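**Student:**
There are 2 protein chains.
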Amino acid sequence: MDYPKRIARLQAQLRRKKIDAFLVGQPENRRYLSGFASSDHSIAESSGVLLIPARGRVRLLTDFRYKLQAEREVPWAEVILYPRGLLALLGELLPDLGLAKLAFESHYTLHSVAGKMQGKLGEKGIALLPVEDLVETMRQVKDEEEIELIRRSVRLNEEVFAEIYGSFTGLDTEIDIALAIESAMRRRGAEGPSFSTIVASGENGALPHAVPGRAAIKNDASLTIDMGLILDGYCSDMTRTFVPGQATARYLELHRLVRKAQLAGMAAIRAGVRASDVDRAARKIIADGGYGDCFGHSLGHGVGLAVHEDPRVSSRNKKQLRAGMVVTVEPGIYIPGWGGIRLENMVVVREDGCENLNSDTTWLDI
Amino acid sequence: MDYPKRIARLQAQLRRKKIDAFLVGQPENRRYLSGFASSDHSIAESSGVLLIPARGRVRLLTDFRYKLQAEREVPWAEVILYPRGLLALLGELLPDLGLAKLAFESHYTLHSVAGKMQGKLGEKGIALLPVEDLVETMRQVKDEEEIELIRRSVRLNEEVFAEIYGSFTGLDTEIDIALAIESAMRRRGAEGPSFSTIVASGENGALPHAVPGRAAIKNDASLTIDMGLILDGYCSDMTRTFVPGQATARYLELHRLVRKAQLAGMAAIRAGVRASDVDRAARKIIADGGYGDCFGHSLGHGVGLAVHEDPRVSSRNKKQLRAGMVVTVEPGIYIPGWGGIRLENMVVVREDGCENLNSDTTWLDI
């Protein structure tokens with residue numbers, strides 16, 4: 003990855019906005035700009051922040067526990083430890099470097115932390131400027147190197163799905179399948195799942211975010227598997243719904259309706275189209291089929307270093323899609339007491355349409 | 003769990019503070035007060051918030067995807083959906099209910115979200131009050147029902163460790179062992195690991211938060227395994243370091259020093275002692291042994307619904323420990339280029355000492 007180029011683009015923006023330096027702690031933004039691959043245990047337990055001045059050298063501020071990893075992964079940055087905490091270090095470092103106007107990620111800084119920063123750094127004459135989505139906006143449009151990494155992540159995810167799909171015994175529980183999937187992901191080289199694998203059988207399929215349980219999979223019930231992995235930092239995300247045994251006529255009818263909606267969504271995608279129009283194209287199919295009330299979530303979301311990122315493909319996002327964006331197309335129908343069907347692919351937005359990244363066709367066109 | 007009692011205690015505090023209602027979105031706080039067990043994909047993607055008025059009925063605000071789970075797990079609360087987002091719902095609901103002063107969790111609300119709340123709700127005449135750690139403070143002292151759940155979590159974690167420890171082949175990689183551990187956790191009924199399992203061999207042991215890699219475990223190198231699981235919501239956390247083959251004299255010397263520090267830390271614990279004094283008791287042993295610079299993190303942390311919670315057992319926490327707190331005692335020595343040793347147990351603070359929750363003694367007293 004060309005980190006210096008990304009840093010230079012960001013620095014040019016900082017100079018335009020008259021910002022002296024930008025503090026980047028959001029884990030995917032940090033990785034996008036530097037390659038530092040550490041995750042954070044939680045937003046309150048950071049493994050480090052990048053201090054990016056409008057001009058000059060980047061510093062990676064971290065603590066003792068991440069020193070070796072930081073030096074190994076970001077050899078071109080100066081790694082500085084903060085044994086007395088980040089704020090204490092910034093209070094000394096910023097005046098030393100003559101940085102008087104510091105931007106921070108308003109959308110990844112806790113309200114309480116921002117308050118303490120404003121207090122402690124304000125005393126030292128440093129002005130704090132909240133900014134939102136500066137790096138996220140850069141990340142929305144992927145270059146071909148990133149798209150190739152996403153392609154590999156999708157491919158590996160499909161290989162894992164194929165392995166598991168081929169090994170059902172009829173005795174598995176939802177948890178067994180989820181475990182087998184996540185083990186296969188890591189065995190095949192993934193950093194891990196990109197989210198907690200969803201395996202929902204029968205009525206549980208009516209919960210879009212079902213947690214795998216201990217009930218045995220019933221052969222004639224539908225099975226929704228929503229799975230994704232992280233490979234070299236980049237995420238994949240795919241959902242398939244199928245019936246291990248004999249599907250009912252109603253299942254087949256609804257499955258075909260969801261697939262038709264997915265195809266309509268994919269057909270609507272190209273650079274320049276509003277995200278909300280893509281959502282509407284798919285939603286109309288389900289509504290026309292009489293199930294509009296059963297599709298309660300948006301059609302899709304961006305995927306990259308994060309498995310859920312902008313752009314959202316929803317009725318509320320009126321912005322145009324741009325070439326190089328990577329989004330999911332995942333309509334669903336959920337009926338409490340009956341179950342649910344969701345089908346999810348990932349596509350790259352291109353000038354004249356979209357490139358479907360998924361080649362798996364299990365139970366798509368039935 | 004006696005959720006009504008917890009809610010009543012919190013409501014009494016709200017009335018004392020003249021707060022009309024409190025919005026609770028931090029996942030462990032939410033679970034502590036209601037039993038709603040859903041996790042959040044990220045802080046920006048909440049699966050719901052509790053609206054707790056100073057008097058009267060609790061409401062659980064969530065979206066379509068979590069409706070069934072919310073109704074199932076929190077049948078005594080009113081579940082309300084926010085199809086147009088939380089802020090839009092609050093803007094209608096709060097005036098309807100006559101709630102004019104709303105407290106929010108400053109330490110679990112993004113700066114950008116707090117700004118939008120203050121803008122949109124301010125227009126409706128609602129005053130926002132940031133509060134910190136109100137529920138976290140309640141959570142620090144566990145009742146015996148919680149301690150029993152933590153005990154079971156610790157016991158299951160030790161059973162998993164014993165299973166894995168007994169099955170080394172000498173051909174494993176760090177990743178293989180981590181995978182085997184996390185699979186065994188779920189197979190034995192855990193909700194999942196309470197953090198990403200650390201398996202660090204040889205030099206990697208010098209990274210306290212090492213990420214498991216693909217290198218084969220060397221028989222004569224040290225191996226650090228730091229693992230924990232979640233059972234019925236409650237976390238465990240244990241570290242063992244050992245040498246599968248023949249340990250060197252230096253390894254044995256340092257291992258004994260770390261164990262001596264751990265025992266000194268545990269011996270210092272009882273209700274009324276400052277957390278910083280416990281940290282110092284253990285740290286002194288390592289410093290006196292000549293390795294003070296090699297123990298760069300604090301001695302321990304609270305464990306409960308979260309694997310890292312207050313109280314911190316560190317030189318910076320001057321507060322007294324209280325009976326019913328559950329903390330880790332985990333000194334370590336880390337030497338770049340050589341490796342590391344960390345030993346971690348969990349204890350309950352009691353009036354007259356501490357109760358060690360770990361019965362595993364693998365490679366402790368050698």
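Protein chains in written order, with our numbering: chain R, 3 to 368; chain V, 3 to 368. For glycine and all other residues, C-beta sits at the position ideal for the given N, C-alpha and C. Fair warning: this is a prediction, and the values are worked out from it, not measured in the lab.
Taking C-beta to C-beta, are Ala23(V) and Leu53(V) nearer than 8 Å?
**Tutor:** Counted from its first residue, the second sequence places residue 23(V) at position 21. Counted from its first residue, the second sequence places residue 53(V) at position 51. Yes.
**Student:** Can you give the Cα-Cα distance for Glu134(R) and Thr363(R), rounded to whole angstroms?
**Tutor:** One-based indexing of the first sequence puts residue 134(R) at position 132. One-based indexing of the first sequence puts residue 363(R) at position 361. Rounded to whole angstroms, Glu134(R) to Thr363(R) spans 39 Å at the Cα level.
**Student:** For my contact list, Ile2(V) and Ser196(V) are in at a C-beta cut-off of 8 Å; report their separation, rounded to the angstrom.
**Tutor:** Absent from the structure is residue 2(V), since the part of chain V shown begins at 3 and ends at 368.
**Student:** Out of Leu151(V), Ile287(V), Ala308(V), state which residue places its alpha-carbon closest to the alpha-carbon of Leu301(V).
**Tutor:** In the second sequence, the residue the question calls residue 301(V) occupies position 299. Here the closest residue by C-alpha is Ile287(V).
**Student:** Please return the same chain residues whose Cβ sits closer than 7 Å to the Cβ of Ala266(R), not counting the five positions on each side in sequence.
**Tutor:** Within the first sequence, the letter at position 264 stands for residue 266(R). The answer, listed in chain order, is Ala283, Ala284, Ile287.
**Student:** Tell me, please, whether the CB atom of Ile177(V) is closer than 8 Å to any CB atom in chain R?
**Tutor:** Translated into positions along the second sequence, residue 177(V) becomes position 175. By this cut-off, Ile177(V) is an interface position.
**Student:** Compare the Cα-Cα distances from Leu359(R) to each of Leu112(R), Val156(R), Glu332(R), Ile271(R) and report the closest residue.
**Tutor:** The sequence position of residue 359(R) within the first sequence is 357, counting from 1. Measuring from the Cα of Leu359(R), the nearest candidate turns out to be Val156(R).
**Student:** Where Ala218(V) and Ile177(V) are concerned, what is the direct C-alpha to C-alpha distance, given to the nearest angstrom?
**Tutor:** For this step, residue 218(V) is matched to residue 216 along the second sequence. For this step, residue 177(V) is matched to residue 175 along the second sequence. Each residue's Cα considered, the two are about 9 Å apart.
**Student:** How long is the line joining the alpha carbons of Glu193(V) and Asp145(R), rounded to whole angstroms?
**Tutor:** Here residue 193(V) is taken as the residue at index 191 of the second sequence, counted from 1. Here residue 145(R) is taken as the residue at index 143 of the first sequence, counted from 1. If you take the alpha carbons of Glu193(V) and Asp145(R), they lie about 38 Å apart.
**Student:** Could you give the distance in angstroms between the alpha-carbon of Asp367(V) and the alpha-carbon of Leu345(V)?
**Tutor:** As a position in the second sequence, residue 367(V) is number 365, starting the count at 1. As a position in the second sequence, residue 345(V) is number 343, starting the count at 1. Answer to the nearest angstrom: the Cα atoms are 11 Å apart.
**Student:** Taking Cβ positions only, does Tyr68(R) come closer than 8 Å to chain V?
**Tutor:** Taking the first sequence and counting its residues from 1, the one referred to as residue 68(R) is at position 66. Interface residue, yes.
**Student:** Can at least three beta-carbon pairs, one atom from the stretch 322 to 331 of chain V and one from the stretch 263 to 278 of chain V, be found at a separation below 8 Å?
**Tutor:** Contact holds: three or more Cβ-Cβ distances are below 8 Å.
**Student:** Can you find a CB in chain V that lies within less than 8 Å of the CB of Thr111(R)?
**Tutor:** Taking the first sequence and counting its residues from 1, the one referred to as residue 111(R) is at position 109. At least one chain V Cβ lies under 8 Å of Thr111(R).
**Student:** Pull up the distance between the alpha-carbon of Pro246(R) and that of Gly204(R), whole angstroms please.
**Tutor:** Stepping through the first sequence from its first residue, residue 246(R) is reached at position 244. Stepping through the first sequence from its first residue, residue 204(R) is reached at position 202. Each residue's Cα considered, the two are about 11 Å apart.
**Student:** When we look at the beta-carbon of Leu254(R) and count the other beta-carbons within 10 Å, is it buried (16 or more) or exposed?
**Tutor:** By 1-based counting over the first sequence, the position of residue 254(R) is 252. Exposed: under 16 other Cβ atoms inside 10 Å.
**Student:** Can you list, in chain order, the residues of its chain whose CB lies under 6 Å from that of Ala180(V), leaving out five sequence neighbours each side?
**Tutor:** Counting from 1 along the second sequence, the entry for residue 180(V) is found at position 178. The answer, listed in chain order, is Thr199, Val201, Pro214.
**Student:** Could you check what DSSP says for Met327(R) in three-state terms: helix, strand or coil?
**Tutor:** Your numbering for residue 327(R) matches position 325 in the first sequence. The answer is coil: DSSP assigns Met327(R) none of H, G, I, E or B.
**Student:** Following the continuous beta strand (DSSP E) through Ile1(V), name the residue where it begins and the one where it ends.
**Tutor:** Not covered by the structure: residue 1(V). The range shown for chain V is 3 to 368.
**Student:** Output the boundary residues of the beta strand (DSSP E) element that contains Ser203(R).
**Tutor:** Within the first sequence, the letter at position 201 stands for residue 203(R). Ser203(R) -> beta strand (DSSP E) spans 200 to 203.
**Student:** Should Gln13(V) go down as buried or exposed, given a rule of 16 or more other Cβ atoms within 10 Å for buried?
**Tutor:** Reading the second sequence from its first residue, position 11 is the one you call residue 13(V). Gln13(V) should be labelled buried.
**Student:** Counting contacts by CB-CB distance shorter than 8 Å, is Ala116(R) in contact with chain V?
**Tutor:** Numbered from its first residue, the first sequence carries residue 116(R) at position 114. Closer than 8 Å to some Cβ of chain V, the Cβ of Ala116(R) qualifies, so yes.
**Student:** How many angstroms separate the CA atom of Met119(V) from the CA atom of Leu89(V)?
**Tutor:** Against the second sequence, residue 119(V) aligns to sequence position 117. Against the second sequence, residue 89(V) aligns to sequence position 87. Those two C-alpha atoms are separated by around 7 Å.
**Student:** Assuming contact is defined by CB atoms lying nearer than 8 Å, are Ser316(R) and Ser278(R) in contact in what I supplied?
**Tutor:** Along the first sequence, read from residue 1 onward, the residue named residue 316(R) stands at position 314. Along the first sequence, read from residue 1 onward, the residue named residue 278(R) stands at position 276. Their beta carbons are under 8 Å apart, which means Ser316(R) touches Ser278(R) by this criterion.
**Student:** Between the Cα of Ala79(V) and those of Leu101(V), Asp354(V), Phe38(V), Leu104(V), spot the shortest distance and give me the residue it belongs to.
**Tutor:** Translated into positions along the second sequence, residue 79(V) becomes position 77. It is Phe38(V) whose Cα lies nearest to the Cα of Ala79(V).
**Student:** Which word fits Pro85(V), buried or exposed, when buried means at least 16 other C-beta atoms lie within 10 angstroms of its C-beta?
**Tutor:** Stepping through the second sequence from its first residue, residue 85(V) is reached at position 83. Label assigned to Pro85(V): exposed.
**Student:** For Ile9(V), name the three-state secondary structure that DSSP assigns.
**Tutor:** Start at 1 with the first residue of the second sequence, and residue 9(V) comes out as number 7. Three-state DSSP puts Ile9(V) in a helix.
**Student:** Tell me where the beta strand (DSSP E) around Asn31(R) begins and ends.
**Tutor:** Residue mapping note: residue 31(R) aligns to position 29 of the first sequence, counting from 1. Asn31(R) -> not in any beta strand (DSSP E); alpha helix (DSSP H) instead, spanning 29 to 36.
**Student:** Run down chain V in chain order and give the residues with a C-beta less than 8 Å from the C-beta of Pro338(R).
**Tutor:** As a working note, residue 338(R) is residue 336 in the first sequence. Within chain V, the residues near Pro338(R) are Leu70.
**Student:** Going by beta-carbon coordinates alone, are Pro29(R) and Leu99(R) separated by less than 8 Å?
**Tutor:** One-based indexing of the first sequence puts residue 29(R) at position 27. One-based indexing of the first sequence puts residue 99(R) at position 97. Cβ distance not < 8 Å, so Pro29(R) and Leu99(R) don't count as in contact.
**Student:** Quick one: list the residues of chain V neighbouring Arg141(R), beta-carbon separation under 7 Å, in chain order.
**Tutor:** Working through the first sequence from its first residue, we reach residue 141(R) at position 139. Correct list: empty, because the minimum Cβ distance to chain V is about 15 Å.
**Student:** Would you check if there are 3 or more beta carbon pairs closer than 8 Å linking the stretch 123 to 132 of chain V to the stretch 95 to 111 of chain V?
**Tutor:** Enough Cβ pairs lie closer than 8 Å, so yes.
**Student:** How is Glu353(V) classed by DSSP in three states: helix, strand or coil?
**Tutor:** Against the second sequence, residue 353(V) aligns to sequence position 351. In this structure, Glu353(V) counts as coil in the three-state DSSP scheme.
**Student:** In terms of residues, what are the limits of the beta strand (DSSP E) holding Glu107(R)?
**Tutor:** Within the first sequence, residue 107(R) is the residue found at index 105, counting from 1. Start and end: 103 to 107.
**Student:** Give the straight-line distance between the Cα atoms of Ser152(R) and Thr175(V), rounded to the nearest whole angstrom.
**Tutor:** Numbered from 1 along the first sequence, position 150 holds the residue referred to as residue 152(R). Numbered from 1 along the second sequence, position 173 holds the residue referred to as residue 175(V). Note that residue 152(R) corresponds to Ile in the displayed sequence, not to Ser. Going by the C-alpha atoms only, they are around 26 Å apart.
**Student:** For the stretch 202 to 214 of chain V, which residues have a CB atom closer than 7 Å to at least one CB atom of chain R, in sequence order?
**Tutor:** Per Cβ criterion, the list reads Ala208, Leu209, Pro210, His211.
**Student:** Just checking my contact of Ser224(R) with Ile343(R) at CB under 8 Å: how many whole Å lie between their CB atoms?
**Tutor:** Locating residue 224(R) in the first sequence gives position 222, counting from the first residue. Locating residue 343(R) in the first sequence gives position 341, counting from the first residue. Indeed they touch by this definition, with Cβ atoms about 7 Å apart.
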